[in-house]
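Participant: Would you mind keeping the following structure in view while I ask a few things?
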Ligand code: KIV
Ligand code: ZN
């Protein structure tokens with residue numbers, strides 16, 4: 042029997058810190074339930090003191106989920122710990138995750154403090170958290186750049202104070218795999234009482250080494266890994282859950298395994314990508330669109346003779362089923378419901394009827410309905426409460442002529458119209474919107490997600506608009522890419538605070 046590695050999923054905390062990826066509480070519950078079905082051991086549900094939204098999400102996730110431990114993040118501050126304990130009150134299994142920066146630069150510039158004082162604060166926070174819960178995890182922020190000898194002193198002190206898990210984050214993604222592995226080994230060899238706590242990895246991907254560092258940590262004694270779905274997270278992201286789970290499944294010689302129900306990996310990846318409006322890069326390991334696509338002649342020939350020639354993972358083992366029922370205009374509600382269920386989406390009969398109606402309209406326009414399309418349709422009502430809605434859009438464009446757009450907006454029940462010319466159809470349409478919404482806003486980023494399955498595919502647009510010193514993120518999806526762009530722009534405007 043393999044040794045067990047605990048999976049600590051932080052998609053809903055570190056992952057959700059990505060600008061533009063914020064989820065509402067209902068969406069977070071949906072992801073948390075999917076993570077439970079996936080088999081994660083711990084769900085980091087939020088940082089309760091940071092906002093009422095995070096506080097509420099931790100409460101609701103605690104109520105909705107049964108098996109995984111629910112974890113709440115805090116700083117080494119009593120108020121944070123009080124609020125986290127309150128937010129966790131409904132959790133069946135609960136953990137407080139508290140900590141402080143331990144690298145010299147954090148001690149000097151962030152805290153204007155000393156090494157000794159940081160140890161005192163760390164110990165006090167752990168003791169304080171233990172007054173509320175039996176399971177306390179301590180993080181030594183920027184442990185990756187913390188001198189090993191001092192780090193060992195911090196870790197020894199917090200274990201004595203009652204920490205049950207000690208997290209060694211490579212916060213800046215700086216470490217080399219050998220260096221990170223050696224750091225974990227140093228702690229195993231030099232910390233008195235290390236056997237009383239589980240060592241956890243928490244690696245960021247700034248230099249593309251998050252997964253390699255995590256595995257190095259595991260090979261040297263870590264028995265919990267902190268990961269996110271699709272590797273999302275601050276800057277270049279965190280270690281990807283799916284990569285660690287599949288590395289351990291593929292490399293049986295490591296003889297350490299997780300509780301991950303691997304066929305749920307792909308549906309979970311699609312759900313998180315869709316809800317967070319965060320596309321997965323096509324060549325992303327395990328869950329990217331091309332992860333199992335053999336295109337060169339030599340590879341295709343080999344795979345046709347025997348899949349083992351070029352495939353180390355059976356796509357079905359991670360939930361990618363090429364033989365899944367194809368959804369077309371002739372598919373019934375039951376087939377749609379079945380596919381939604383496979384993607385981890387449950388809905389009332391009333392909502393299913395509405396999604397089915399939209400599905401039929403889309404199926405009339407394009408022949409292959411992808412999982413992404415289904416997820417976009419399932420989330421289409423995210424905009425129902427928007428006070429600005431696109432009523433119609435007409436665009437003429439071509440080569441050698443300026444584009445012209447005319448459109449109608451419904452703003453809180455009132456109808457407005459405008460027309461404008463531009464360098465291209467999107468430029469013209471956005472200028473028309475700006476004629477109606479007279480605010481000083483600047484389009485900062487405009488991404489059209491690759492249309493992969495033919496010219497009739499649904500185009501997805503992500504936009505970033507700056508207004509009044511704040512950044513707002515919007516999303517639009519439509520078979521008409523100009524309409525998707527205008528929808529994304531209007532989605533941003535609907536989020537303006539004033
Ligand atoms: O990267 C990091 O150091 C963190 C801690 C708050 C755990 O996310
Ligand atoms: Zn982090």
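Numbering (our numbering), first residue to last: 42 to 539.
Note that CB positions come from ideal geometry on N, CA and C, so glycine has one too.
These numbers were taken from a predicted model, which means no experiment stands behind them.
My assumption, with CB atoms under 8 angstroms, is that residue 109 sits in contact with residue 72. Please give the rounded CB distance.
Facilitator: Contact flag wrong, Cβ pair sits at about 12 angstroms.
Participant: Which residues does DSSP list as the beta-bridge partners of residue 431?
Facilitator: 450
Participant: Alpha carbons only, please: which of 221, 127, 519 is nearest the one belonging to residue 186?
Facilitator: 221
Participant: In this structure, does DSSP put residue 546 in helix, strand or coil?
Facilitator: No answer is possible for residue 546: it lies beyond the span of the chain, which begins at 42 and ends at 539.
Participant: Under three-state DSSP, which class holds residue 518?
Facilitator: Correct three-state label for residue 518: strand.
Participant: For a test of the three-state rule: what should DSSP assign to residue 18, helix, strand or coil?
Facilitator: Look at the range of the chain in this structure, 42 to 539, and you will see that residue 18 is not part of it.
Participant: According to DSSP, simplified to helix, strand and coil, what is residue 468?
Facilitator: helix
Participant: Assign residue 323 to one of two classes, buried (16 or more other C-beta atoms within 10 Å of its C-beta) or exposed (fewer than that).
Facilitator: That one is exposed.
Participant: Counting only runs of 3+ residues fully inside the region 164-244, write out the beta strand (DSSP E) ranges in chain order.
Facilitator: Counting only runs of 3 or more, we get 177-182, 206-211, 239-244.
Participant: Going by Cα to Cα distance, which pick from 501, 92, 94, 57 is closest to residue 85?
Facilitator: 57
Participant: Count the other CB atoms within 10 Å of the CB of residue 380; is the residue buried (16 or more) or exposed (fewer)?
Facilitator: buried
Participant: Measuring CA to CA, which of 368, 367, 302 is closest to residue 76?
Facilitator: Distance check between residue 76 and each of 368, 367, 302 places 302 closest, using alpha-carbon atoms only.
Participant: Measuring from the CB of residue 55, is there a heavy atom of the ligand ZN at a distance below 6 angstroms?
Facilitator: yes
Participant: For residue 517 and residue 256, I'd like the C-alpha separation in whole angstroms.
Facilitator: 38 angstroms
Participant: Taking C-alpha atoms, which residue in 508, 526, 482 lies nearest to residue 501?
Facilitator: 526
Participant: Any idea if residue 294 is buried or exposed, counting beta-carbon neighbours within 10 angstroms, 16 or more meaning buried?
Facilitator: exposed
Participant: Helix or strand or just coil, what does DSSP make of residue 51?
Facilitator: Looking at residue 51 - three-state DSSP - the assignment turns out to be coil, as it is neither helix nor strand.
Participant: Please classify residue 133 as buried or exposed, where buried requires at least 16 other C-beta atoms within 10 Å of its C-beta.
Facilitator: Counting the other Cβ atoms within 10 Å of the Cβ of residue 133 gives fewer than 16, which makes it exposed.
Participant: Indicate whether residue 311 and residue 418 have their beta-carbon atoms separated by less than 7 angstroms.
Facilitator: no
Participant: So, with DSSP's three-state summary, where would you put residue 110?
Facilitator: strand
Participant: Once you ignore the five residues that flank residue 199 on each side, which residues in its own chain have a CB closer than 7 angstroms to its CB?
Facilitator: 163, 164, 167, 179, 207
Participant: Please name the residue or residues paired with residue 87 in a DSSP beta bridge.
Facilitator: Under DSSP, residue 87 takes part in a beta bridge, and its partners are 113.
Participant: Using the three-state DSSP reduction, which class does residue 461 fall into: helix, strand or coil?
Facilitator: strand
Participant: Report yes or no: do three or more beta-carbon pairs, one from the region 424-443 and one from the region 386-405, lie closer than 8 angstroms?
Facilitator: no
Participant: Check the C-beta distance from residue 499 over to residue 414 and give it rounded, since I have them as a contact under 8 angstroms.
Facilitator: Rounded to the nearest angstrom, the Cβ distance from residue 499 to residue 414 is 5 angstroms, consistent with a contact under 8 angstroms.
Participant: Measure the CB-CB distance between residue 360 and residue 308 and report whether it falls below 7 angstroms.
Facilitator: Contact flag set, yes.
Participant: Per DSSP, which one or two residues make a beta bridge with residue 29?
Facilitator: Lying before the first or after the last residue shown, residue 29 is absent from the chain, which here runs from 42 to 539.
Participant: Rounded C-beta distance between residue 408 and residue 369? I'm assuming under 8 angstroms.
Facilitator: 7 angstroms
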